[in-house]
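Per the numbering used here, the sequence shown starts with residue 2, numbered consecutively.
We put the beta carbon where it would ideally sit given N, CA and C, even for glycine.
This report refers to the structure that appears directly beneath it.
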Amino acid sequence: MFMMIRPVARALSTFFFLASALASVVLHLHPRGGLASLIIWVPKVVSATFTPVLLGVNAVGMLLGFFRRQWLWIGAGAVGTSLSLHYIYQIQKATPAFDRYFGDDWETRVPPELRPGILPRRWSMLLRAPADVPREFNVSIGKSPSTGRDILANIWLPPEDVQPNGAALIYVHGGAWVYGDKDDTRRPAFRHAAAQGYLVLDVAYTLWPESTLPDMVKEVKMAVLWLKQHAGRYHIDPEHITLVGASAGAHLALLAAYAIGHPAFAPPDAGEDADERVRAVVAYYPPVDFRAMYADLEEQFGGMIYNRRAIVVANRALSALKKLGYVPESYQLGEDLNMIRQMLGGSPEDIPEVYDLLSPCTYVSSRNPPTLFFQGTDDFFRFAAPLRRLHRRLQQAGVISIHVEFPYTPHGFDLFLPQISPVALRSILEQDRFLYLINFANPLPQDNWQGRLSPSRHPSAPRSMTS
Numbered sequence: 002m003f004m005m006i007r008p009v010a011r012a013l014s015t016f017f018f019l020a021s022a023l024a025s026v027v028l029h030l031h032p033r034g035g036l037a038s039l040i041i042w043v044p045k046v047v048s049a050t051f052t053p054v055l056l057g058v059n060a061v062g063m064l065l066g067f068f069r070r071q072w073l074w075i076g077a078g079a080v081g082t083s084l085s086l087h088y089i090y091q092i093q094k095a096t097p098a099f100d101r102y103f104g105d106d107w108e109t110r111v112p113p114e115l116r117p118g119i120l121p122r123r124w125s126m127l128l129r130a131p132a133d134v135p136r137e138f139n140v141s142i143g144k145s146p147s148t149g150r151d152i153l154a155n156i157w158l159p160p161e162d163v164q165p166n167g168a169a170l171i172y173v174h175g176g177a178w179v180y181g182d183k184d185d186t187r188r189p190a191f192r193h194a195a196a197q198g199y200l201v202l203d204v205a206y207t208l209w210p211e212s213t214l215p216d217m218v219k220e221v222k223m224a225v226l227w228l229k230q231h232a233g234r235y236h237i238d239p240e241h242i243t244l245v246g247a248s249a250g251a252h253l254a255l256l257a258a259y260a261i262g263h264p265a266f267a268p269p270d271a272g273e274d275a276d277e278r279v280r281a282v283v284a285y286y287p288p289v290d291f292r293a294m295y296a297d298l299e300e301q302f303g304g305m306i307y308n309r310r311a312i313v314v315a316n317r318a319l320s321a322l323k324k325l326g327y328v329p330e331s332y333q334l335g336e337d338l339n340m341i342r343q344m345l346g347g348s349p350e351d352i353p354e355v356y357d358l359l360s361p362c363t364y365v366s367s368r369n370p371p372t373l374f375f376q377g378t379d380d381f382f383r384f385a386a387p388l389r390r391l392h393r394r395l396q397q398a399g400v401i402s403i404h405v406e407f408p409y410t411p412h413g414f415d416l417f418l419p420q421i422s423p424v425a426l427r428s429i430l431e432q433d434r435f436l437y438l439i440n441f442a443n444p445l446p447q448d449n450w451q452g453r454l455s456p457s458r459h460p461s462a463p464r465s466m467t468s
């Protein structure tokens, strides 16, 4: 019996070590085609998240291979270990240019009481967050301009033994504007922020097709105004509110922060003196140019979005998501899968003014708030190039713009087990530093960032998007 178990155990071990090495290889793949990028997206996210685990398994496989003279184990372990170390090293190399704006010695000026929260090592094995913090669920912050229903939010508060620092974050979830909800995978990051004294408001904006994109932006601005109106109740400074968003949520956050005073995005019943300004924006892999996004969608997925079989499969998947309550029942796929054209009402050639209206890159001004961008180079949406262009334009306008690009990293890198993911942990630690600098470092090097843009500086609002 023992003689039979040994070959089986050896075969299983070989499979296990080869699979671990293969996962490290997949993380470093960079396919050119859109469909290939989409296929390996989830494997890349999982591999990126579990890189520390893969590193350990690969190293153990290599060492056991030496002891047992299993050359396949040695080879697979060596390859996997090298690639895992390489990825971790590349992630740690992606350092934000805080020194450019805040001086080479900004870290030495951090007060001792704040150092434990914002100056740990640049790489940590685990996210430091309490198991639980006080929170309020399903707080109504207003009525949706599109449906008239309550806009709900969850509020995460500092623990009783943590002194509130007076600053707040408003989180806007991603989901391609058509799915997702508040309290969607970000709880560890919210608890981490609350443990440092921040209040976190996690808003559930109304999704398309029940809402239009301009109305989504209005709801984000309504969250800002609501939090300012209730600043005394929650012990926050209304001048210290930062918008944080991921993907589609980052797009809405950027529009809400940049398009101040624009009539297309004016919150209902806000009044002319309503202060929509925010302290800063943190944007994870945002789409910033709808013209570029449309062209990329056509180039990468043109053969698929007009394929009848693909449309049938997508409709089946959509039905399953509706049953789970993950997308609105009213959402229907059209004759193709080009969601951008469906949401905006046409192509860039048909309605160029709408594409400009809804692109954050339209609103570059010296009065934009400080912005921190996170982007992966292996995002299958190809958001990286338009984001680099926006970052350069913001810098040229004199805006505090910090751009962090993570190599080999896919879309949605921060959403899956951020407690252990090296790239998610790195982004959270750098976000901690950014929030400290824009909230508590005085004086800010950008002295006019709190100004208000005149509505006349913005492109006019097409009737089709605001009626």
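Item                                                                                                                                                                           : Value
Who are the Cβ neighbours of Pro408 in its own chain at under 6 Å, not counting the five residues just before and after it?                                                    : Gln91, Thr378
Rounded to the nearest angstrom, what separates Ser48 and Leu64 at their Cα positions?                                                                                         : 22 Å
When the Cα atoms are used, what is the spatial distance from Lys323 to Glu211?                                                                                                : 14 Å
Ignoring anything shorter than 3 residues, give me the beta strand (DSSP E) runs that lie fully in the region 342-387, in order along the chain.                               : 372-377
Taking Cβ positions, are Pro287 and Gly246 nearer each other than 8 Å?                                                                                                         : yes
Out of curiosity, what's the CA-to-CA distance linking Val283 and Phe414?                                                                                                      : 15 Å
Pull the bridge partners of Thr243 from the DSSP assignment, please.                                                                                                           : Leu170, Ala281
Would Asn440 be called buried (16 or more neighbouring beta carbons within 10 Å of its own) or exposed?                                                                        : buried
Apart from the five residues on each side of it in sequence, which residues of its chain come closer than 7 Å, Cβ to Cβ, to Ala79?                                             : Met63
Among all the DSSP beta bridges, which residues are the ones paired with Leu202?                                                                                               : Ile156, Ile171
For Ser428, count neighbouring C-beta atoms within 10 Å of its own C-beta (all shown protein chains included) and say buried if the count is 16 or more, exposed if not.       : buried
Which residue marks the beginning of the alpha helix (DSSP H) containing Arg427, and which one marks its end?                                                                  : 423-441
Leaving aside the five residues before and after Lys229 along the sequence, list all residues of the same chain whose C-beta is less than 8 Å from its C-beta, in chain order. : Pro239, Ile242, Asp276
Relative to the C-alpha of Ile312, which candidate in Leu127, Leu170, Cys362, Met340 has its C-alpha closest?                                                                  : Met340
Helix, strand or coil, according to DSSP, for Arg136 in the structure here?                                                                                                    : strand
Is there contact here, the region 198-211 with the region 137-157, by at least three beta-carbon pairs under 8 Å?                                                              : yes
When you compare only the Cα positions, how much space is there between Val216 and Glu161?                                                                                     : Just to set this straight, residue 216 is Asp in the shown sequence, not Val. Approximately 36 Å between the Cα atoms of the pair.
Would you be able to state if there are at least three C-beta pairs under 8 Å between the region 26-37 and the region 92-101?                                                  : no
On the DSSP bridge assignment, give the partners of His404 in chain order.                                                                                                     : Phe374
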